[in-house]
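Numbering (this note's numbering), first residue to last: 545 to 1055.
For each residue, glycine too, the CB sits at the ideal point set by N, CA and C.
Note that the structure is predicted; figures quoted are calculated from it, not measured.
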């Protein structure tokens, strides 16, 4: 029975499962997949993290931080692209781990992805609420204080929870409900709505770049790296470079550890491989194109922002809109706030779109109840039950848990998933060197090894409490796996019966 923990799922069986009764509609092309990736990436990074990183960590060298973080993501993206072309089914890193590292590692990644998608969705819903309140404030409107925030918050200076005097975050609940309804309706409708929002926010970002360029003062770029070019740390302790007043590392690398999370989202493209018209071609295109587009936009916006306003005068909460106010363009606040709302909404849409696809893959394997997480709507062909459950979880977490606590849960889990995928490429090249790979990660083993190294470097740059939270979360996952998943594993039952892997129930010939 112990061998079943590391039993791998044959690629042939993964591909065969796409033909069963729970298959999804193949209606996404490369443009829509790229739009989904851009929709999930652009949001918090440009509209929030640029201010925090530039003001507190990096200065004008923020552009270098974006480039370094982007390179780390490119390494992981190349590995994702190879697997997406080999295993064009729903599930992303979970599916890749099952095919290479075995069931236990697949469960770890599947459980870990809940941090990236569901908890990140709650974080985004919470952030959307604050932008929405700022937006209606332009017109002199305010929500009752009791419904504007989570009932408590975390004070990093004292390490204690403090009351906010509110009951719950009502806008977070509302946006989670709206997005859930759209996603249950169908992937085509979801992609259409997302594409419209992506076009809107990219237009706003281009507006910031073009108009802001006329207000750049080159003097603001000097000194270029006031906090230095390093910022290497281990468990939050500075090893190389300057240290801030609170003991945190400063410098370009320290900024990259923050900015890296602005790129979260490109991997969500691979969760929709089963809905792609030509997944072997379209998914790699969607992954790489969305990442390249966002990297270029991030670098351009950071250059404009730090050129418009001295880095120590950048507003942390609303850096972009406030920069235009400081140069005498307050009317731009409306457009930028609108773009921020569109950007964050599309991020929420793609994150909540991705989580049920991971649940669907796990349900097919028997690791979670198939009657709930594997149910596909007869008309809409969407995983409607798991979508609704995801929406409820996002609404509850977003309404009652403070943004800071939610965000810290997301960071380390995402990096762990990237490490596993990079390692899986190395393993598959050894175990199945002749397997069909329509897209091949270049320079193996160099690229995967560098990807692992850079992700681990960023993981160890996070405060130690993030590791404790990750261990606690994974511990809960182990309890669920050994209590339910291990005993209901489809692959384990097949191995126990000494039977050849067979097609799932309701398998049908390809149309």
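When secondary structure is reduced to three states using DSSP, residue 656 falls in the helix class.
Annotated as distal: residue 945 and residue 690, with beta-carbon spacing of 7 Å or more. Residue 715 is positioned such that its CB atom lies no closer than 7 Å to that of residue 683. The three-state reading of DSSP puts residue 762 in helix, counting H, G and I together.
Distance check between residue 832 and each of 757, 812, 850 places 812 closest, using alpha-carbon atoms only. Residue 890: member of the alpha helix (DSSP H) spanning 876-908, first to last residue. Between the beta-carbon of residue 749 and that of residue 592 there is about 14 Å, and that puts the pair past the 8 Å contact cut. Within the model, the alpha-carbon separation for residue 938 versus residue 657 is close to 14 Å. The count of Cβ pairs closer than 8 Å, one atom from the stretch 784-798 and one from the stretch 578-586, stays below three, leaving the stretches out of contact. Pairing residue 851 with residue 971 gives a Cβ-Cβ distance that is not under 7 Å. If you look at residue 777, you'll find it in the beta strand (DSSP E) that goes 776-778. Counting only the Cα atoms, residue 911 lies some 18 Å from residue 555.
A direct Cα-Cα distance of roughly 37 Å separates residue 868 from residue 778.
In the displayed model, residue 860 falls within coil according to three-state DSSP, outside both helix and strand. Taking 7 Å as the cut-off, the Cβ atoms of residue 724 and residue 935 count as close.
C-alpha of residue 887 to C-alpha of residue 650: approximately 31 Å in a straight line. By the 16-neighbour rule on beta-carbons within 10 angstroms, residue 856 is exposed.
Counting C-beta atoms within 10 angstroms of its own C-beta, residue 1031 has fewer than 16 neighbours from the protein chains shown and is therefore classed as exposed. In the structure shown, residue 696 adopts extended strand secondary structure according to DSSP, grouped into three states.
Look at residue 682 here: in three-state DSSP terms it is coil, with no helix or strand label. A contact between stretches requires three or more CB pairs, one per stretch, nearer than 8 Å, and the stretch 739-758 fails this requirement with the stretch 959-970. Relative to residue 606, the option among 577, 771, 726 whose CA is nearest is 771. Here residue 990 is exposed: its Cβ has fewer than 16 other Cβ atoms, across all protein chains shown, within 10 Å.
If you draw a straight line from the Cα of residue 955 to the Cα of residue 1024, it is about 23 Å long. Here residue 986 is not near residue 826, since their CB atoms are 7 Å or more apart.
The beta carbon of residue 697 lies closer than 6 Å to those of 706, 708, 946 in the same chain, with the five residues before and after it left out.
Pairing residue 981 with residue 829, the inter-Cα distance amounts to about 14 Å. Considering only 569, 571, 595, the residue with the shortest C-alpha distance to residue 853 is 595. The C-alpha of residue 662 is placed about 19 Å away from the C-alpha of residue 919.
Here DSSP, grouped into helix, strand and coil, assigns residue 572 to strand. Linking residue 711 to residue 664 through their CA atoms gives a straight-line distance of about 22 Å. 907 is the residue among 974, 949, 907, 814 whose C-alpha sits nearest the C-alpha of residue 917.
A check of alpha carbon separations from residue 774 across 601, 1019, 618 identifies 601 as the nearest. Per DSSP, the beta-bridge partners of residue 707 are 696.
Residue 909 counts as buried, since no fewer than 16 other beta carbons sit within 10 angstroms of its beta carbon. For residue 729, the uninterrupted alpha helix (DSSP H) run begins and ends at 714-729, by DSSP.
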